[in-house]
Amino acid sequence: LPCSGSCRDGVLPSWWTAHASFQEQERSGASALETLKNHITGIFSPKYSLPPPVPLIPGVQKPLCQQVWYHGAIPRSEVQELLTCSGDFLVRESQGKQEYVLSVLWDGQPRHFIIQSVNNMFRLEGDSFPTIPLLIQHLLQSQQPITRKSGIILARAVPKDKWVLNHEDVLLGERIGRGNFGEVFSGRLRADNTPVAVKSCRETLPPELKAKFLQEARILKQYRHPNIVRLIGVCTQKQPIYIVMELVQGGDFLTFLRSEGPHLRVKELIKMTENAAAGMEYLESKHCIHRDLAARNCLVTERNTLKISDFGMSREEEDGIYASTGGMKQIPVKWTAPEALNYGRYSSESDVWSFGILLWEAFSLGAVPYANLSNQQTREAVEHGTRLDPPEQCPEEVYQLMQRCWEYDPCKRPSFSTIHQDLIAIRKRHR
12 LPCSGSCRDG VLPSWWTAHA SFQEQERSGA SALETLKNHI TGIFSPKYSL
62 PPPVPLIPGV QKPLCQQVWY HGAIPRSEVQ ELLTCSGDFL VRESQGKQEY
112 VLSVLWDGQP RHFIIQSVNN MFRLEGDSFP TIPLLIQHLL QSQQPITRKS
162 GIILARAVPK DKWVLNHEDV LLGERIGRGN FGEVFSGRLR ADNTPVAVKS
212 CRETLPPELK AKFLQEARIL KQYRHPNIVR LIGVCTQKQP IYIVMELVQG
262 GDFLTFLRSE GPHLRVKELI KMTENAAAGM EYLESKHCIH RDLAARNCLV
312 TERNTLKISD FGMSREEEDG IYASTGGMKQ IPVKWTAPEA LNYGRYSSES
362 DVWSFGILLW EAFSLGAVPY ANLSNQQTRE AVEHGTRLDP PEQCPEEVYQ
412 LMQRCWEYDP CKRPSFSTIH QDLIAIRKRH R
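The sequence shown begins at 12 in this note's numbering and counts up one residue at a time.
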């Protein structure tokens, strides 16, 4: 190509400079397409800059029940235990009402805000969102107060307990019983086909009774012992609430005694009551008062191992003493110690009294204690020193242990540790 005047003057024309630059980039491995992109980028700069994309809270697009901070229908009384630092929060379902509540700890006090729902949109004060997870994400990321008046700002989501299961995790089977709060079903865990027992809470119960229903799970989740029925989880994400426990195939001890008792040797009965004593010794060490110990509330495995069950009336007390103020409505009078009936004073010693009745049930093969007496007559008889007679074929040393359990003075009754060791010794001496 002929040179222009500027070339002759030693100055390259602009088109040549661009061409040479292009060739140089091509030789260095850059493609013509990439070079063109670079030129275009330089020519067309955006009119405005965008902020970096805001990262979503993990799982924000998942349903509410799958959010780690959604605790379902937990009692309001439990919230304060879960919220420990200012700004800690969770979302729950209001018991007795079809409403969702945002609970936050602020200035040392739990505060509760009903999440408003209008036309399938959710809000507290300000913008509405199509889902509660998006509302929570907005409050966390914007750091806006929940309400102008409160000035409360969300800081940390409190994850739900590891024991919380989704209802979909549990496959219900047939009904196997009925309790004070609802029905009991057999079932399986969807994940691994584990057999389970599922206690269901009636949806129509008032909030205070639903809280009592969950009390059993709160106690059991702390315990691991071969003679205590094992908690698997709770389903609180929606109604009805479930407590999911291991399925003990042999059923309750009372029914077992009445059907299988005549075929059992005395040594086998001693072993089973020894199991019960071991479980109660463990509870005693945890300052747990069962309050409803009886053959009907023990379960039997396929290998005739006994497990303590039905903790619906149980209480944990630091000093091992619980004072009841609820009246006599559901107290099993014939199994209950005099000080509990007279003064509402429950302790491990009152459980020992009940264990004596359980021993009597075992060796009478499921007979009813004080069968010919009403509850009131039983109370009067016990106050006057009357005690149950020994069952037929009951070893004398076992009956002596029963009588020690029925000492009127709680301080004179043996501990469960002593009872357990005594039963081991009796079994070893018995052929």
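For each residue, glycine too, the CB sits at the ideal point set by N, CA and C.
Query                                                                                                   : Result
Proximity below 8 angstroms, CB of A306 to CB of L275                                                   : no
Closest residue to R134 among Y111, L231 and I252 (Cα-Cα distance)                                      : Y111
Cβ pair count under 8 angstroms reaching 3, the stretch 282-294 against the stretch 424-432             : yes
Among Q72, R314 and Q341, nearest to Q260 - alpha-carbon criterion                                      : R314
Burial state of A382 (16 or more Cβ within 10 Å)                                                        : exposed
L310 beta carbon less than 8 angstroms from that of D263                                                : yes
Sequence ranges, beta strand (DSSP E) only - wholly within the stretch 222-278, length at least 3       : 242-246 and 253-257
R390 to S361 span [Cα, whole Å]                                                                         : 15 angstroms
Collapsed DSSP secondary structure at M324 in the structure displayed                                   : coil
Cβ-Cβ separation, I164 to Q154 (assumed contact under 8 angstroms), whole Å                             : 6 angstroms
The stretch 350-357 / the stretch 411-418 touching (three or more Cβ pairs under 8 angstroms)           : no
K48 in three-state terms, based on DSSP                                                                 : For K48, the predicted model reports a pLDDT of 47, less than 50, meaning its position is unreliable; a value from the coordinates is still stated below. Reduced to three states, the DSSP call for K48 is helix.
Cβ contact check for the stretch 236-243 and the stretch 212-224: 3 or more pairs under 8 angstroms     : no
Straight-line Cα distance separating Q248 from D203                                                     : 21 angstroms
Under 8 angstroms between C-beta atoms of H280 and F366                                                 : Checking the sequence shown, residue 280 turns out to be Leu, not His. No.
Selection from D400, V245, E219 and Q341 that minimises the alpha carbon distance to L231               : V245
Buried or exposed by the 16-neighbour rule on C-beta atoms within 10 Å, applied to E92                  : exposed
Proximity to L113 [Cα-Cα], best of E403, A84 and P401                                                   : A84
Contacting residues, own chain, Cβ-Cβ under 7 angstroms from L317 (five flanking each side not counted) : N238, F264, M283, N286, A287, C309 and V311
Alpha-carbon to alpha-carbon, L150 and V65                                                              : Residue confidence is low: V65 scores 47 on pLDDT, short of 50, so the model does not pin down where it sits. Its coordinate-derived value is still stated next. Rounded to whole angstroms, V65 to L150 spans 13 angstroms at the Cα level.
Simplified DSSP assignment, three categories, for S128                                                  : strand
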